[in-house]
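> Residues are numbered in the numbering used here as their position in the sequence shown, beginning at 1, plus a constant of 26. Think of the CB as a built atom: it goes at the ideal place given N, C-alpha and C, for glycine as much as any other residue. Since this is a predicted model, take the numbers as computed values, not measurements. Sharing a structure here in structure tokens format.
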Amino acid sequence: MVLIRPRITDFYDITATQAQLDFAIAFLDEDIPLYVDPFLLWKSPSLQDQALHTTLINAFNHLNFLVQKGKVDEARNNLIIASECQEVGLGLSKNRKGVRISANKADEIISIFQKIPEYGKYGFVHFEEIQFYVDGISKDRISDISCNFIKSFLIDYTIQQCEEVGIPLDKTNISTLYEYRKNSFILDSEITLPVNPETKEPLIFVPKRWLKFSPWINFEDYFKEYCPRDEIFNPGETEERVKVLNFNRENYGVVQEYIKVKERTQEDCKNDPLFKQIPILSATRKLTEIQKLPTGKEDQADIQYEKNICQLLASLLYPDLDFAAEQSRTDSGRLIRDLIFYNNRSIDFLEEIYQVYGNRQLVFELKNVKAVESEHINQLNRYLDSGLGKFGILVTRNPLSKAMFSNTVDLWSGQRRCIITLTDEDISLMVNIFESKQRSPIDVLKKKYVEFRRKCPS
């Protein structure tokens, strides 16, 4: 069975959707494009989350204590270890591998405690502030440092979630684990955790409620909305990041005013799901754009069609189908755009597709053509041969001709392959259902399937 962007739940045949689970479902061969935002722990009403934030901040501020005691090497080593946490698989890596910061970068971060007296005396309340003073500190570093300092909790959380959902646990090795009572990292601990079935490397889960695409406190937001440019740059001068960092080191109060604003507006800070449904108004707008597009490739109408359909279907079918990927493939020299969804088997229709056709994922092939021809059906049929399952959806503008529909029926009769079609009219019906909120748009897909099977010989 071929899986696109396989997840740990898919491997173990667990049918829960991402919306149903408390943790972000781990991909097996790449990172989840989200990051832990420590501000979400700080503002959380949960005493547990608040305590974890305190644990995190105490661990970071302990670096200052070590420096003051002359243990600079130990502080540097702790920070280097904390800078990468590949077990959680958060970020943009395509192989779940990351690189730790250099010793020079660690020294630059630690030096903040000495260069800015307020941090040396009182410590950090939000350690994300380091990005306002040190270049090259981005959201992935903030996230990894957070995860490493509270990894012990995340391990317990992962075990609990696995036991509830049914993900197997194995003995594995965690290369580094922060011991809060000793304020140091323990090396090579044997732990029982879920592992990557292919690489056997440990996996650690993270609560969805902590995840954002970008931290609430972040340099880009500060630079765009709050940075006093007139005090930093001369008229017409290039606005270089390093000059802002230098200014911030000399103007602690300016940064703190920004932090106060972010704390006052904390109610606006929400976690980001891995996928967001587009608003109703946007769904209607996308549909209108699709309906106005001509068929064919003139003025890149095919590309615009694919883009709009991708955004629309990913929203309309969630949470019944989790969006896996938008991808291109080549068949006989022709570029074909597909949408891939995880089959969570969350309803009877999807369970039937899995049981009858073997689809753990569903492929939607997009065709902005006036009339579907035999080659289009054959292209999708060949793709189903690759191991995705024997059920596929052709998304196109108009209903199939009588001859083309007969081709799909023949495929079912001869090979038990099922190819159904979604047209502009079907997409419009899905949007109407989406707006009414009375039913699920996936009912349209089920309706098309039932209609198709009624036309097939028994």
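By Cβ distance, which residues of its chain are closer than 6 Å to V114, with the 5 residues on each side in sequence left out?
Here residue 114 refers to the residue found at position 88 of the sequence shown. Excluding positions up to five away in sequence, the list reads C173, I230, V232.
> Exposed or buried, what is Y148 when buried is set at 16 or more other beta-carbons lying within 10 Å of its beta-carbon?
For the purposes of this step, residue 148 is identified with residue 122 of the sequence shown, where counting begins at 1. Exposed, since its Cβ has fewer than 16 Cβ neighbours within 10 Å.
> Should E144 and Y278 be called a contact, given that it needs their Cβ atoms to be closer than 8 Å?
On the sequence shown, position 118 is the one that residue 144 refers to. On the sequence shown, position 252 is the one that residue 278 refers to. Cβ distance < 8 Å, so E144 and Y278 count as in contact.
> Taking V268 as the reference, give the member of R122, F245, R167, G117 with the closest Cα.
Here residue 268 is taken as the residue at index 242 of the sequence shown, counted from 1. The shortest C-alpha separation from V268 is found at F245.
> Let me know the secondary structure DSSP gives D364 once reduced to three states.
Within the sequence shown, residue 364 is the residue found at index 338, counting from 1. DSSP places D364 in strand when its eight states are reduced to three.
> Whose C-beta lies closer than 8 Å to the C-beta of V221 among residues of the same chain, with five residues either side of it excluded?
Your numbering for residue 221 matches position 195 in the sequence shown. A distance below 8 Å between beta-carbons, with the five flanking residues on each side excluded, links V221 to the following residues of its chain, in chain order: D196, T198, E227, P228, L229.
> Which runs of the alpha helix (DSSP H) spanning at least 4 residues fall entirely within the stretch 385 to 450, listed in chain order?
400 to 409, 428 to 441
> Flag this pair as yes or no: are the beta carbons of K234 and D36 separated by less than 8 Å?
Sequence index remark: in the sequence shown, residue 234 carries index 208 (1-based). Sequence index remark: in the sequence shown, residue 36 carries index 10 (1-based). Their beta carbons are not under 8 Å apart, which means K234 does not touch D36 by this criterion.
> Excluding five sequence neighbours on each side, which residues of the same chain lie with their C-beta closer than 8 Å to the C-beta of Q140?
Within the sequence shown, numbered from 1, the residue matching residue 140 stands at position 114. V93, G146, listed in sequence order.
> Distance, Cα to Cα, F259 vs E265?
Taking the sequence shown and counting its residues from 1, the one referred to as residue 259 is at position 233. Taking the sequence shown and counting its residues from 1, the one referred to as residue 265 is at position 239. Straight-line Cα distance between these residues: approximately 7 Å.
> Only counting the same chain, and skipping five residues up and downstream in sequence, which positions put a Cβ closer than 6 Å to that of V457?
In the sequence shown, residue 457 corresponds to position 431, counting from 1. If we look at V457 and ignore the five residues flanking it on each side, its Cβ neighbours are A309, L313.
> Note down the Cα distance separating D75 from D374, rounded to an integer number of angstroms.
Stepping through the sequence shown from its first residue, residue 75 is reached at position 49. Stepping through the sequence shown from its first residue, residue 374 is reached at position 348. Roughly 38 Å between the two C-alpha positions.
> Which of helix, strand or coil does DSSP assign to K286?
Counting from 1 along the sequence shown, the entry for residue 286 is found at position 260. Reduced to three states, the DSSP call for K286 is helix.
> With Q387 and A350 assumed to form a contact (beta carbons below 8 Å), what rounded beta-carbon distance in angstroms separates them?
The residue you call residue 387 lines up with position 361 of the sequence shown. The residue you call residue 350 lines up with position 324 of the sequence shown. With 8 Å as the limit, Q387 and A350 qualify as a contact, their Cβ atoms being about 6 Å apart.
> Would you call the stretch 279 to 296 in contact with the stretch 421 to 441, where contact means no fewer than 3 C-beta pairs closer than 8 Å?
no
> Between the stretch 296 to 307 and the stretch 269 to 276, do at least 3 Cβ pairs fall closer than 8 Å?
no
> Is V191 buried or exposed, if buried means 16 or more other CB atoms sit within 10 Å of its CB?
Position 165 of the sequence shown, counting from 1, holds the residue named residue 191. Flag for V191 reads buried.
> Taking the alpha carbon of R371 as the point to measure from, which residue in I34, A42, P32 has its own alpha carbon closest?
Translated into the one-based positions of the sequence shown, residue 371 becomes position 345. Answer by Cα proximity: A42.
> Along the chain, where does the alpha helix (DSSP H) that runs through S172 open and close?
Counting from 1 along the sequence shown, the entry for residue 172 is found at position 146. Counting along the chain, the alpha helix (DSSP H) containing S172 begins and ends at 165 to 175.
> Please confirm if the stretch 73 to 92 is in contact with the stretch 165 to 185, defined as three or more CB-CB distances below 8 Å between the two stretches.
Proximity of the stretch 73 to 92 to the stretch 165 to 185 meets the contact definition, three or more beta-carbon pairs being nearer than 8 Å.
> Under a three-way DSSP split, which group does Y206 fall into?
Your numbering for residue 206 matches position 180 in the sequence shown. Correct three-state label for Y206: coil.
> Quick one: Cα of I489 to Cα of G124, how far?
Because residue 489 is not part of the residues shown, which for the chain are 27 to 484, the question remains open.
> With a CB to CB cut of under 8 Å and the five nearest residues on each side skipped, what residues in its chain are close to E224?
Working through the sequence shown from its first residue, we reach residue 224 at position 198. Closer than 8 Å at the Cβ level, and outside the excluded window around E224, lie L54, D55.
> Using three-state DSSP, classify R355 as helix, strand or coil.
Numbered from 1 along the sequence shown, position 329 holds the residue referred to as residue 355. Note: R355 maps to strand in three-state DSSP.
> Under the three-state reduction of DSSP, which class applies to Y61: helix, strand or coil?
Stepping through the sequence shown from its first residue, residue 61 is reached at position 35. Note: Y61 maps to strand in three-state DSSP.
> How big is the Cα-Cα spacing for F460 and L347?
Taking the sequence shown and counting its residues from 1, one reaches residue 460 at position 434. Taking the sequence shown and counting its residues from 1, one reaches residue 347 at position 321. Taking the straight line from one Cα to the other gives about 14 Å.
> Taking all protein chains shown into account, do 16 or more other C-beta atoms lie within 10 angstroms of the C-beta of I329, making it buried, or fewer, making it exposed?
By 1-based counting over the sequence shown, the position of residue 329 is 303. Exposed, because fewer than 16 other Cβ atoms sit within 10 Å of the Cβ of I329.
> Who are the Cβ neighbours of L78 in its own chain at under 7 Å, not counting the five residues just before and after it?
Residue 78 sits at position 52 when you count from the first residue of the sequence shown. Excluding sequence neighbours, L78 sits near L67, I176, F179.
> In terms of residues, what are the limits of the alpha helix (DSSP H) holding Q76?
Taking the first residue of the sequence shown as position 1, residue 76 is located at position 50. Segment 73 to 94, the alpha helix (DSSP H) holding Q76.
> For I127, which option in I163, F150, E100, I156 has the closest C-alpha, if you only look at C-alpha atoms?
Stepping through the sequence shown from its first residue, residue 127 is reached at position 101. For I127, the nearest C-alpha among the options comes from I163.
> Measuring CA to CA, which of L410, I306, N369, G322 is closest to R355?
Sequence index remark: in the sequence shown, residue 355 carries index 329 (1-based). Distance check between R355 and each of L410, I306, N369, G322 places L410 closest, using alpha-carbon atoms only.
> For the stretch 184 to 238, which segments carrying the beta strand (DSSP E) assignment without a break, of at least 3 residues, lie completely within its bounds, in sequence order?
Segments of the beta strand (DSSP E) lying fully in the stretch 184 to 238: 196 to 205, 210 to 219.
> With 16 other CB atoms within 10 Å as the buried threshold, where does I138 fall?
Here residue 138 corresponds to residue number 112 of the sequence shown, with the count starting at 1. That one is buried.
> From what residue to what residue does the alpha helix (DSSP H) around C336 run?
Indexing the sequence shown from 1 puts residue 336 at position 310. C336 -> alpha helix (DSSP H) spans 327 to 342.
> Considering A309, what are the terminal residues of the alpha helix (DSSP H) in which it resides?
The count along the sequence shown starts at 1 and reaches residue 309 at position 283. Where A309 is concerned, the enclosing alpha helix (DSSP H) stretches over 306 to 318.
> Measure how close the beta-carbons of T81 and Y252 come, nearest whole angstrom, since I'm counting them as under 8 Å.
In the sequence shown, counting from the first residue as 1, residue 81 sits at position 55. In the sequence shown, counting from the first residue as 1, residue 252 sits at position 226. Not really, about 29 Å apart at Cβ, beyond 8 Å.
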